[in-house]
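Those letters in the sequence shown? Residues 775 to 882, by the numbering used here. All residues carry an ideal CB built from backbone N, CA and C; glycine is no exception. For reference, the structure discussed in these notes is given below.
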Amino acid sequence: MASDPDPDRLRALEARLAKVKGQAAPAKTNTVKGFSQGEVAWRMVIELVTGMLLGTGIGYGLDVLFGTLPIFLIIFSLLGFAAGIKTMLGSARQMAQTAADKAANKGD
């Protein structure tokens, strides 16, 4: 069975082919750290939904344990939503910092 192709070797091959054709190597502007914008968006959606599901699960579990069905479910669902938003914004901030660092390094 063939293994997955090495992305570094593929980029080097594309650069050599572009050089032979007399063109500059195509620059990818829609990626952050090798990920497409769609992959980044799905990552953020998954972080948000995971936080909400964890909070809801913990709240429901505590309600079943203590017999107070809607109280902990509501509280932990909101806490899970807040945690998901915080995680999502942290990821966005990290990607923006990475993009700014790459732009600063290109200017040097």
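Can you tell me whether residue i is buried or exposed? The criterion is at least 16 other CB atoms within 10 Å of its CB, across all chains shown.
i	result
Leu847	buried
Phe840	exposed
Leu843	exposed
Gly864	exposed
Gly796	exposed
Glu821	buried
Ser777	exposed
Quick check: what's the CA-CA separation for residue i versus residue j?
i	j	result
Thr861	Gly829	14 Å
Glu813	Asp875	21 Å
Asp780	Leu836	48 Å
Asn879	Met818	26 Å
Gly858	Val823	7 Å
Ala866	Leu852	21 Å
Thr871	Arg790	Rather than Thr, the amino acid found at residue 871 in this sequence is Gln. So the two alpha carbons sit approximately 31 Å from each other.
Arg783	Lys793	15 Å
Handout entry: Start-end ranges of the alpha helix (DSSP H) lying completely within the stretch 775-853, minimum 4 residues
Key = 781-795 and 811-840
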